[in-house]
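Only one structure is covered here, and it is reproduced in the block below.
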Amino acid sequence: MSDDISRDEKRGLGVRLLGFALHTYFALTRSMTLGVRAACFDGEGRIFLVRHSYIAGWHMPGGGVERHETVEQALAKELREEGNLVISGRPQLFHVYFNNRTSRRDHVVFYRVEVTQTALRKPDREIVESGFFPLDALPKGATKATYRRLKELEGAEPPSNYW
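Take the position in the sequence shown, starting the count at 1, then add 378; the result is the number in our numbering.
This is the structure we're talking about:
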């Protein structure tokens with residue numbers, strides 16, 4: 379009987395090792411990067427946008443999803459860091475996009491959220507400007523992607539599969 383247990387234990391260990399090896403292989407050969415971004419609206423219906431120091435234009439806030447972090451955890455973290463924003467209620471998942479302009483493996487999970495701002499966001503090395511804007515008065519330099527996402531959100535265009 380003890381030989382059967384040790385044989386089963388060995389088989390189970392082998393299966394776990396094979397699973398780990400396959401997972402590692404897929405992570406190295408099929409890995410992708412994952413980001414999160416949100417259309418953040420305040421109580422007046424204005425949208426929050428940021429202007430980064432390292433890329434041109436006004437963008438919706440967001441960033442990368444780190445290891446051991448859920449998409450919603452990353453969303454809350456990025457909104458807090460980029461705008462001192464707190465999500466009110468539950469984020470509404472809108473769409474997942476392939477961001478092939480960044481790389482051949484980048485995907486963006488896009489949400490619509492209601493937010494409150496705990497304090498004005500002071501400029502720093504990453505975010506040089508930020509603020510809430512009426513939808514009919516976006517700042518000069520708002521990106522084409524920002525305009526596309528807003529048209530999709532209002533239902534004027536179907537969601538694209540590409541950012």
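We put the beta carbon where it would ideally sit given N, CA and C, even for glycine.
Computed from a predicted model, the values in this text were never measured in an experiment.
In chain order, what residues of the same chain have a beta carbon less than 6 Å from the beta carbon of residue i, not counting five sequence neighbours either side?
i      : result
Asn462 : Gln495, Thr496, Ala497, Arg499
Gly441 : Glu456
Pro537 : His473, Glu530
Val449 : Val414, Val443, Val487
Leaving out five residues before and five after residue i in sequence, what residues of the same chain have Cβ atoms less than 8 Å from its Cβ?
i      : result
Asn477 : Gly413, Asp484, His485, Val486, Tyr540, Trp541
Gly423 : Pro512, Leu513
Arg503 : Ser431
Less than 8 Å between the beta carbons of residue i and residue j, yes or no?
i      : j      : result
Cys418 : Val474 : no
Glu460 : Val428 : yes
Phe510 : Pro517 : no
Ala416 : Arg490 : yes
His430 : Ile505 : yes
Around the Cβ of residue i, are there at least 16 other Cβ atoms within 10 angstroms (buried) or fewer (exposed)?
i      : result
His437 : buried
Arg527 : buried
Ser409 : exposed
Pro501 : exposed
Ile433 : exposed
Ala452 : buried
What's the C-alpha gap between residue i and residue j?
i      : j      : result
Leu457 : Val464 : 7 Å
Gly519 : Leu395 : 52 Å
Gly421 : Ala454 : 18 Å
Ser508 : Tyr525 : 17 Å
Arg468 : Glu532 : 19 Å
Glu535 : Thr411 : 26 Å
Leu471 : Ile425 : 17 Å
Ala523 : Ala515 : 16 Å
Looking at the unbroken alpha helix (DSSP H) that takes in residue i, where does it start and where does it end?
i      : result
Glu530 : 522-532
Arg458 : 449-461
Starting from residue i, trace the beta strand (DSSP E) in both directions and tell me its first and last residue.
i      : result
Val491 : 484-495
Leu427 : 425-430
Gly413 : 411-419
Ignore the nearest five residues each way along the sequence and tell me which others in residue i's own chain have a CB closer than 7 Å to its CB.
i      : result
Arg479 : Trp541
Thr521 : Gly435, Trp436, His437
Ser466 : Glu492, Val493, Thr494
If you measure from the beta carbon of residue i to each beta carbon in chain C, is any gap under 8 Å?
i      : result
Gln495 : Looking at the structure shown, chain C is missing, and only one protein chain is on hand.
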